[in-house]
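Using our numbering, read the sequence shown as starting at 4 and increasing by one per residue. No residue lacks a Cβ here, since even glycine has one placed at the ideal position from N, Cα and C. Please read the structure below before turning to the comments.
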Amino acid sequence: MEKTVRRIGVFTSGGDAPGMNAAIRSVVRTALHMGIECIGIRRGYHGLINGDFVPLTFESVSGLSRRGGTMLYSARSEDFKSQLGREKAVATCKLLGLDALVGIGGDGTFRGLLTLAQQGLSVIGIPGTIDNDIACSTYTIGYDTACNTALESIDKLRDTMQSHERCSVVEVMGRHAGHVALNVGVACGATAVLVPEQKVNYEEDLMEPIRRSRLAGRTHFMIIVAEGVEGGAYEVARQIKEATSLDTRVTVLGHVQRGGAPTVRDRIAATYMGYEAVRLLAEGKSCRVVAMDGESYVDYDITEALQMHKGLDQQTYTVMRALTGIQ
Ligand code: F6P
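Right, here's the structure in full:
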């Protein structure tokens, strides 16, 4: 028999991402529309263990779509990794009368949801991370905003690099993935883009594009490095200086990439995903991740989703190589 969902909890976990607030708003308003109450769990799994919650109403999520960060705070909980921590989390759900949970975050968040599902809770995951590294989904909430934020800074950097005829080495976020670096690198017209998915050949991937560009008359250079590349931006800059004597400067963009008002793309994706999450729960579904397949919204079993693999977008990679002149 289908379990009727009367009250759900929503939380954000892992690194925050612009658009998480829009997803929270959407979960709350969709739930209310379907006659379901909604409670916000604060500070991710940490809050679930400690009973840190806030009631959410139609009004309390008003104006949230345009705000960066997450009104529910976010955390990475060590305690939840223990059996005791997970038991406490289940006990909190019972105490709060929660029939289901919606968790917004990355793979770590989904693994947590899976353990709760195994203990009988209904759960749905929403992919929220600027890294766009969730295998089952072609898009994750926050990616577009983060890329735009990085691009804006790089455009500004280019002005000063051009004036001083320097080589700029910019490190962008992405953890172990190069999606942000590749996308931003193509968008800013980088001289070279280095990603962790491809073993870096300094000569072919870096020095040759710089030399070719120099021969074509260019006097400043923009190198985009994903944080997951071995040695990071400082090692790349050292190699460039050694091989070319160019005046080189490193900029690590860091957490600025996680802030700011979400773009249209992120607000829309977050809003649709929030809606889909509640719709699935209302239909009696559980242990699913809402995902995007191109422009369509789909959902996968969490176990299946966690086993998937996502590589770099091959078309973008090919375009990047062509435009930087790599054979
Ligand atoms: O997963 C999002 C992300 O910003 C990664 O790009 C980065 O490696 C990591 O989180 C940084 O984590 P923290 O905010 O804990 O320093």
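For residue i, does the three-state DSSP call read helix, strand or coil?
i, result
"residue 40", "strand"
"residue 147", "helix"
"residue 316", "coil"
"residue 235", "helix"
"residue 252", "strand"
"residue 107", "strand"
"residue 14", "strand"
"residue 21", "coil"
"residue 76", "coil"
"residue 305", "helix"
"residue 325", "helix"
"residue 83", "helix"
"residue 225", "strand"
"residue 240", "helix"
"residue 67", "coil"
"residue 212", "helix"
Alpha carbons only, please: which of the options is nearest the one belonging to residue i?
i, options, result
"residue 233", "82, 188, 199", "199"
"residue 49", "25, 62, 95", "95"
"residue 326", "67, 202, 186", "186"
"residue 101", "312, 123, 204", "123"
"residue 191", "12, 158, 201", "158"
"residue 153", "256, 309, 301", "256"
"residue 314", "197, 7, 43, 181", "181"
"residue 11", "86, 34, 62", "34"
"residue 286", "125, 117, 107", "125"
"residue 253", "44, 164, 58, 189", "164"
"residue 329", "301, 304, 293, 207", "207"
"residue 309", "93, 145, 139", "139"
"residue 288", "120, 245, 162, 249", "120"
CB of residue i to nearest heavy atom of ligand 1: below 7 Å?
i, result
"residue 261", "yes"
"residue 230", "yes"
"residue 311", "no"
"residue 132", "yes"
"residue 324", "no"
"residue 176", "yes"
"residue 17", "yes"
"residue 109", "yes"
At a cut-off of 7 Å, would you count residue i as near ligand 2, judging by its Cβ distance to the nearest heavy atom?
i, result
"residue 258", "Absence of ligand 2 from the depicted structure is noted, with ligand 1 being the only ligands included."
* Is there contact between the segment 132–148 and the segment 14–26, where contact requires at least three CB pairs shorter than 8 Å? -> Cβ pair count under 8 Å is three or more, so yes.
* Asked: Can you give, in chain order, each stretch of the alpha helix (DSSP H) that sits fully within the segment 132–179 and has at least 4 residues?
  -> Complete alpha helix (DSSP H) runs here, min 4: 146–167.
* To do: Identify every run of the beta strand (DSSP E) within the segment 274–299, keeping only runs that are complete inside it and at least 3 residues long; order them along the chain.
  => Fully contained in the segment 274–299 are the following beta strand (DSSP E) runs of length 3 or more, in chain order: 291–296.
* Asked: Counting Cβ pairs closer than 8 Å, one from the segment 208–228 and one from the segment 160–175, do we hit at least three?
  -> Three or more pairs of CB atoms, one per stretch, sit closer than 8 Å, so the segment 208–228 contacts the segment 160–175.
* Stretch-stretch touch, CB-based, cutoff 8 Å, three pairs: the segment 111–131 with the segment 52–59 -> Taking one beta carbon from each stretch, the segment 111–131 and the segment 52–59 have fewer than 3 pairs nearer than 8 Å; the two do not touch.
* Below 8 Å, can you find three or more Cβ-Cβ pairs linking the segment 265–285 to the segment 25–32? -> Segments in contact, yes.
* Looking at C-beta atoms only, is the number of pairs between the segment 247–264 and the segment 64–80 that lie closer than 8 Å three or more? -> For the pair of segments examined, the segment 247–264 was found to touch the segment 64–80: the number of CB pairs separated by less than 8 Å reaches three.
* Let me know the beta strand (DSSP E) ranges lying completely inside the segment 86–130, each 3 residues or longer, listed in chain order. => 103–108, 125–130, all fully within the segment 86–130.
* Asked: With a cut-off of 8 Å, do at least 3 Cβ pairs link the segment 294–309 to the segment 162–169?
  -> In short, these stretches do not touch, since the Cβ pair count stays below three.
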